[in-house]
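A short worksheet on the structure shown next.
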Amino acid sequence: MPMKDSGIEWIGSINSKWPIVKIIYFSKLKTCGTPDKRVLEYWEDGKINWMSSGEINKDLIYEVEGKITELGYKNSNATSLPVN
């Protein structure tokens with residue numbers, strides 16, 4: 002099977018038939034207002050993944066840095082996106 006460089010050092014080579022594309026080309030991106038970071042009840046012990054705009058530019062995202070609470074979610078204009 003012919004291989005090509007993935008462009009990501011730790012991944013190495015990938016199948017040459019696989020395209021390398023930015024997430025914007027195969028996914029819908031949404032923006033929303035971040036819950037107030039001064040309100041600790043929105044963030045402490047949060048269980049809901051919260052992706053910041055700075056994380057979008059990462060090559061790969063396995064886990065997001067932030068998590069918000071249900072109260073934080075209700076006090077933002079966020080919308081949940083389906084897993085797939």
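Here my numbering is used: the first residue of the sequence shown is 2, the next is one more, and so on.
The C-beta atom is built at its ideal place from N, Cα and C for all residues, glycine as well.
Alpha-carbon spacing of residue i relative to residue j, whole angstroms
i          : j          : result
residue 42 : residue 72 : 7 Å
residue 52 : residue 62 : 10 Å
residue 39 : residue 47 : 14 Å
Sequence-distant residues of its chain with Cβ nearer than 6 Å to residue i (five each side left out)
i          : result
residue 36 : 43, 69, 73, 76, 77
residue 12 : none
Proximity of residue i and residue j at Cβ, strictly below 7 Å
i          : j          : result
residue 60 : residue 9  : yes
residue 15 : residue 28 : no
Coarse secondary structure for residue i, derived from DSSP in three states
i          : result
residue 54 : helix
residue 67 : strand
residue 24 : helix
Beta-carbon contacts of residue i that lie in its chain and below 8 Å, excluding the five residues immediately before and after
i         : result
residue 4 : 14, 15, 16, 17
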